[in-house]
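Enquirer:
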Amino acid sequence: MSDGAVLHVKGRVLAGPDDVRDELWVVGGRISYDRPAGARDVTTVTGWALPGLVDAHCHVGLDAHGPVDAETAEKQALTDRDAGTLLVRDAGSPSDTRWIDDRADLPKIIRAGRHIARTRRYIRNYAWEIEPDDLVAYVAQEARRGDGWVKLVGDWIDRDLGDLAPCWPREAVEAAIAEAHRLGARVTAHCFAESSLGDLVEAGIDCVEHATGLSEDLIPLFAERGVAIVPTLVNIATFPKLAEGGEKKFPRWSAHMRRLHERRYDTVRGAYDAGIPVYVGTDAGGSLAHGLVAEEVAELVAAGIPPLAALSATTWGARAWLGRPGLQEGAPADLVVYEADPRADVRVLAAPRRVVLNGRVVG
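Okay, structure coming up:
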């Protein structure tokens with residue numbers, strides 16, 4: 000498409016869960032619901048259009064061993080883009096990916112800076128590894144470096160206990176979260192187990208990643224405080240294999256991981272039923288491949304979340320939560336067009352017909 004070209008999307012435009020329109024126009028890279036006068040160079044795309052999908056827990060610039068080079072990070076971002084993911088909340092990366100912001104053909108990224116973990120209590124080469132006395136300073140540093148988010152590692156295996164355990168004392172996270180909020184950043188935390196959740200929520204955390212330890216007694220606390228969860232069910236599916244690998248050395252931890260896996264769907268459905276905000280995230284970029292957003296949406300449906308709510312968790316609702324527009328008048332034209340209605344079958348998301356980013360057809 001030339002700079003003066005106009006894109007016409009017609010069929011069904013899902014501007015919101017209850018807002019379905021017949022067409023939209025893309026003029027100068029932005030959305031309009033008014034037919035442009037005198038448009039000549041018009042490209043028409045037909046189908047079912049959604050806002051560009053959101054992966055709210057992703058890691059561009061990271062693999063299983065740590066930071067990757069720019070070429071690898073570019074491939075990761077392109078894989079997400081071609082799967083329809085046009086907005087990423089990067090939930091922790093040691094790589095500097097700011098150069099991606101200058102590429103109109105790559106997804107938009109909201110960064111949480113680098114993970115902040117307790118010394119020797121996380122995956123090697125991923126995080127700043129510090130002690131509690133330094134937590135406030137490192138949270139302030141990452142709040143200034145990120146895009147409105149900070150990522151803590153809330154729990155991890157304690158080798159002396161042989162099981163998952165909290166990484167931070169209550170007073171340390173209270174002070175750190177207060178500092179992040181003072182600087183205008185929200186805080187999220189990696190949490191697998193039950194034991195860290197109460198302190199983190201009462202300390203004012205905004206979101207919890209994975210949240211497999213969310214139990215019946217904790218659900219009302221999350222709901223009351225409005226704390227969101229990003230379950231990353233495609234990642235939780237790996238728990239049995241992880242448990243098998245660590246069974247000889249850490250049998251207690253292995254049994255715990257299996258229990259968390261077995262009740263994963265009940266956990267997510269219980270959270271949703273209680274009114275806890277649930278969003279789509281894949282945890283791609285560690286041990287998982289990129290481009291899994293459609294699989295994660297399908298997993299939420301398998302857990303019992305209604306299809307329309309699962310769609311919102313990667314489109315309208317997720318974008319509103321992250322403060323980014325969808326298919327509103329004048330918004331950047333980031334959208335995905337599908338062959339069939341994704342509300343009827345979310346598996347449609349696995350096969351985008353067209354991907355439009357910043358008003359240009361890129362896939």
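Residue numbers (numbering that gives the first Met the number 0): 0 to 362. Every residue, glycine too, gets a C-beta built ideally from N, C-alpha and C.
1. Per DSSP, which one or two residues make a beta bridge with Val233?
2. Given this structure, state the Cα-to-Cα distance separating Val279 from Arg11, to the nearest angstrom.
3. Quick one: what's got a C-beta closer than 7 Å to Ser214's C-beta in the same chain, skipping five residues either side?
4. Using the Cβ count rule (16 or more neighbours within 10 Å means buried), how would you classify Asn124?
5. Would you identify the three-state DSSP class for Leu326, choosing helix, strand or coil?
6. One question on the structure: do Ala165 and Gly153 come within less than 8 Å of each other, judged by their Cβ atoms?
7. Give the secondary structure of Lys107 by DSSP, where H, G and I count as helix, E and B as strand, and everything else as coil.
8. Measuring CA to CA, which of Leu321, Val135, Ile115 is closest to Glu128?
9. Should the stretch 36-49 be regarded as contacting the stretch 67-74, the criterion being three or more beta carbon pairs within less than 8 Å?
10. Contact defined as beta carbons within less than 8 Å: I believe Arg318 pairs with Pro50. What is the distance between those atoms, to the nearest angstrom?
11. Return the chain-ordered list of same chain residues with a C-beta closer than 6 Å to the C-beta of Ala312, the five sequence neighbours on each side being excluded.
12. Mind checking who Thr363 pairs with in its DSSP beta bridge?
13. Compute the distance between the beta-carbons of Lys107 and Leu85, then report whether it is under 8 Å.
14. Among Pro250, His209, Asp216, Arg224, whose alpha-carbon lies nearest the alpha-carbon of Asn234?
15. Between the Cα of Arg88 and the Cα atoms of Gly284, Trp252, Asp162, Glu243, which residue gives the shortest distance?
16. Which of the three DSSP states is assigned to Ile176 in this structure?
17. Excluding sequence positions up to five away, which residues of its chain have a Cβ less than 6 Å from the Cβ of Leu356?
18. According to DSSP, which residues form a beta bridge with Pro16?
Expert: Taking the coordinates as given:
1. Looking at the DSSP assignment, Val233 forms no beta bridge with any residue, so it has no partner.
2. 23 Å
3. Glu193
4. exposed
5. coil
6. Ala is not the amino acid found at residue 165; the sequence shown has Pro there. Result yes, Cβ atoms of Pro165 and Gly153 sit closer than 8 Å.
7. strand
8. Ile115
9. no
10. 6 Å
11. Val277, Tyr278, Val279
12. Nothing can be reported for residue 363: it is not among the residues displayed for the chain, which extend from 0 to 362.
13. yes
14. His209
15. Gly284
16. helix
17. Leu85, Asp333
18. Pro16 is not bridged to any residue.
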